[in-house]
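Beneath this line is the structure, given in structure tokens, with notes to follow.
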Amino acid sequence: MAQHQAPVGIVANPASGRDVRRLVARASAFPVSEKCHMITRLLAALAATGVTRVLAMPDRGGITERLRRAIATQGPHDGWPQVEFVEMPIEDGPADTLRAVELMVAAGVAAIVVLGGDGTHRLAASACGETPIMALSTGTNNVFPEIREATIAGIATGLVATGRVDATRASRRNKVLRVEVDGQQTDLAVVDAAISNHRWIGSKALWHPELLSQLFVTFAESDALGLSSIAGLLCPVSRRAAHGLRIDLLPPERAAVTLKAPIAPGLMASVGIAGVCEIRPSEPQSIHSGSGVIALDGEREIEFRPQQRVAIRLGLDGPLTIDTEEVMTQAARDGLLVSRHA
Amino acid sequence: MQLSRADLLKAYRTMKMIREFEERLHIEFAAGEVPGFVHLYAGEEAVATGVCMHLDDRDKITSTHRGHGHCLAKGCDVDGMMAEIFGKTNGLCAGKGGSMHIADLSKGMLGANGIVGGGPPLACGAALAAKKLGTGGVAVSFVGDGGANQGTTLESLNLAAIWSLPCIFVIENNGYAESTSCKYAGACHDFADRASGFNMPGVTVDGHDFFAVHEVTGEAVRRARMGNGPTLIECKVNRYYGHFEGDAQTYRARDEVKTIRETRDCIANFEKKATSSGMLAASELQETSREVLAQIDDAVAKAKAAARPGAADLLTHVYVSY
Ligand SMILES: Cc1ncc(C[n+]2csc(CCOP(=O)(O)OP(=O)(O)O)c2C)c(N)n1
Ligand SMILES: [Mg+2]
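Residue numbers (our numbering), protein chains in the order written: chain A, -4 to 337; chain B, 4 to 325.
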């Protein structure tokens, strides 16, 4: 194995998994201690694949502190990679994820493991460039990252980082939705962008489907949870398809067609459907409501006002994510974890 | 639930009133005019305001040693509070309580509290009364991050859960208990993480954001009024001044407060949002600010002019007849 092997990045959002959906829906809590356990399992697996260095995002939400303690007390045979925390100011907010990913990319990491919800992955996606992401779910109603055992994610990431699998087949390209306000690109979504008649960002989550007027999705699976389930139950779109979907919505009492959709954990909502159409990268979608809020990947992020021009555009050039199943299939086929002893 | 123009103006007036009240006390305390200890709430206004906007006369709150904001948001009289803090006979408690013991039962304000963690058991009692009497009222307990580590708070969370009380625990996590960082003092970094251990929903919210606090608390109050039990809400927030007036704050980074004031101030952000949405005009905000400042000048003047309790007051207010 090369001496100057590139490190692996780990970004764990301490704040994911404790928003208002625990109150207005039946979302489960995801404590910091569990996130830290996931990271230690990742470290064990990365070590086994030969990764020697890890760059981690520092935080004040408890992960860094717990991780330092876990590293200091690891067993003599654990042999975890050396963990360095990226040097950066900590703001206790979304800017931390963006900055950490940028700095990791600049430091030449081979891959970045992201632990968080759709919102965390949205941030990582806007800063990761061509560095592949291992997307792990710790959030609320996640569609983009997978709910997956961190040990397996660690093996797959390690095999990619150490160059032992066919990189082009081991990762897949994702789509994004780019939001333009007054002609300027302001933000992006990896799963869905929704236009709501809320006036304020407030506590961010969306649980009033009657306020939604439009929904855009990059992909929609029929077994998904969250807003993209609305699209997934009407007209599924795969992650690989070269198009997305736009759904025009109405309050259910005014609609000829209504759909029952699982828009949050334990929250089945009736939504009125006015129309469904495919969207393509070449066609920017302009938003016609006077004012409201744009929710990206399930969280209200942008308040817009009548004088502003808002458009949403599908991009086929989103982030690369590691395809765990594909990597593990290659690992089995090529015996990557097999050693033969005479 | 969409906020009306009147709601927004009311929220602004309350936040501004708390801020100017505290800024003025900061000055008056330094001038030696205020007896006893004063713990200022500046920086945390969006929490008390966002929470108390949902409460009415049926509802009770319990407060802390940092209680001025809670009192004002629950509707305590500005003159009466100022006079109380100055220790004067026209104060809400006849000048015998001071900053840390302001109470006004007629407003459902069950008292500031010098005992850290003293409020939650009282809130359980008030919530139990509301439940038994069927008033539809709720009780809100404001607790600091330090108070949240007291046994009284943990017992109250348990009690509120087993009796399914209409009780809301608002943990104002401002990062410190006196000079002790909550990162050091708490085995759990996020208090919301504790809620599941007590079988109730726990939510973390940005305590600088009035709109976020207001929305989350609205849901918790609704849940409590419907008989669905307690909620824990952790508001991440910052205090602008020391633990008490006179605290040298050597445990804080030099620019910690300056940066927060510049970037996350709850009132500045509220002003920006309310005006850019077209809901309120800048002139309305300025007018409100002027009125608030005039009211505070007036309250301070009245407080200074009033008498202190004398020997004859020594034995009054000792017992209460029920
Ligand atoms: C039972 C009790 N123990 C200790 C104290 C001393 N004391 C006063 S305030 C305080 C810190 C409280 O911190 P926190 O609950 O975080 O509230 P904050 O001051 O930050 O608003 C302490 C320890 C007290 N008043 N009561
Ligand atoms: Mg505190």
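Ideal Cβ positions, reconstructed from N, Cα and C, are used throughout, including at glycine.
Quick caveat, the model's predicted, so the values are computed rather than measured.
In the structure shown, K63/B adopts extended strand secondary structure according to DSSP, grouped into three states.
Below the 9 Å Cβ cutoff, chain B contributes D212, F214, A215, K276 as neighbours of I196/A, in chain order. Taking a Cβ-Cβ threshold of 7 Å, the residues of chain B close to P26/A are D196, in chain order.
G249/B sits in coil when the DSSP states are folded into three classes, being neither helix nor strand. A direct Cα-to-Cα measurement between R8/B and A277/B gives close to 9 Å. Distance check between G189/B and each of I307/A, E60/A, L220/A places E60/A closest, using alpha-carbon atoms only. Taking C-alpha positions only, F201/B is separated from G56/A by approximately 21 Å. Here I174/B is actually not in contact with I118/B; their C-beta atoms are around 17 Å apart, not less than 8 Å. Judged by the Cβ position, A180/B qualifies as a neighbour of ligand 2 at the 8 Å threshold, a heavy atom of the ligand being closer than this. In the displayed model, K91/B falls within coil according to three-state DSSP, outside both helix and strand. The Cβ of L18/A sits closer than 9 Å to at least one Cβ of chain B.
With 16 or more neighbouring CB atoms inside 10 Å of its own CB, K91/B falls in the buried class.
Look at P204/A: its C-beta is not under 9 Å from any C-beta on chain B. For the pair of segments examined, the region 66 to 80 of chain B was found to touch the region 95 to 107 of chain B: the number of CB pairs separated by less than 8 Å reaches three.
With a threshold of 16 other beta carbon atoms within 10 Å, R117/A meets it and is buried. Within the chosen limit of 8 Å, ligand 2 reaches the beta carbon of G147/B through at least one heavy atom. P204/B belongs to the set of residues whose beta carbon lies under 9 Å from a beta carbon in chain A. At a Cβ-Cβ threshold of 9 Å, G4/A and V49/A count as neighbours. Residue pairing by DSSP puts E237/B in a beta bridge opposite I174/B, T207/B.
Taken through DSSP and simplified to helix, strand or coil, C269/B comes out as helix. DSSP, read as helix, strand or coil, puts R117/A in helix. Secondary structure of Q69/A (DSSP, three-state): coil.
Burial of L41/A is indicated by the presence of at least 16 other C-beta atoms within 10 angstroms of its C-beta. Taking 8 Å as the cut-off, the C-beta of A49/B does not count as close to any heavy atom of ligand 1. Exclusion of the five residues before and after G178/B leaves C185 as the residues of its chain whose Cβ lies within less than 6 Å of its Cβ. Annotation: P312/B to G98/B spans about 7 Å, alpha carbon to alpha carbon. Distance from the CA atom of E86/A to the CA atom of Y325/B, rounded to whole angstroms, is 52 Å.
Not one beta carbon of chain B lies nearer than 9 Å to the beta carbon of V171/A. In this structure, Q280/A sits away from I289/A, with a CB-CB distance that is not shorter than 9 Å. DSSP places F80/A in the strand class (E or B) of the three-state scheme. For Q303/A, the number of other beta carbons within 10 angstroms of its own is below 16, and it is reported as exposed.
Relative to ligand 2, the nearest heavy atom lies less than 8 Å away from the CB of C185/B. Of the heavy atoms belonging to ligand 1, none sits nearer than 8 Å to the Cβ of N192/A. Distance from the C-beta of A310/B to the nearest heavy atom of ligand 1 is not below 8 Å. In the structure shown, the three-state DSSP call for I21/B is helix.
Scanning D187/A, L220/A, A326/A for the CA closest to the CA of R16/A turns up L220/A.
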